[in-house]
Amino acid sequence: MTDQADYKKVRNYWKWLKNKLVNEGSELVSNTNQLKLVAADGKKYNADVMDTEQLLRLIQSIPSPKAEPFKLWMAQVGREHIDEAVDPEQSIDRAIELSSFGL
């Protein structure tokens, strides 16, 4: 999302963003865990991993035009969820519609 082709630049951006979030008082980064994942070179390295909520919060914090489609999608899904909470029939209608697509 940051248009960085160089791995080191991406890594440095992630370090910078984590520090920025910590300084802003975000608990997002402190809740991030590390798992050993296989890299392109076949070796296992510790990598930061997040759950769905953490990932969505991270996307919200990225100041990049490439993050905008995700932010718009998140707003749409949030609106739909609120609408369904107000009118549960909408949830049933959506479930029927999705089942027709085999989802």
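In this note's numbering, each residue's number is its place in the sequence shown (first place is 1) plus 52.
A virtual CB, placed ideally from N, CA and C, is assigned to each residue, including glycine.
- Under the three-state reduction of DSSP output, Asp93 falls in the coil class, being neither helix nor strand.
- When the Cα atoms are used, Arg63 and Pro121 turn out to be separated by approximately 23 Å.
- Going by beta carbons, Asp135 and Gln128 fall outside the 8 Å limit.
- Here Val101 is near Leu87, since their CB atoms are less than 8 Å apart.
- Annotation for Lys123: the continuous alpha helix (DSSP H) segment containing it runs 120-138.
- Contact between Leu89 and Tyr97 holds: CB atoms are separated by about 7 Å, below the 8 Å threshold.
- In the structure shown, Asp103 falls within a coil segment according to DSSP collapsed to helix, strand and coil.
- In this structure, Lys123 keeps its C-beta atom at 8 Å or more from the C-beta atom of Gln106.
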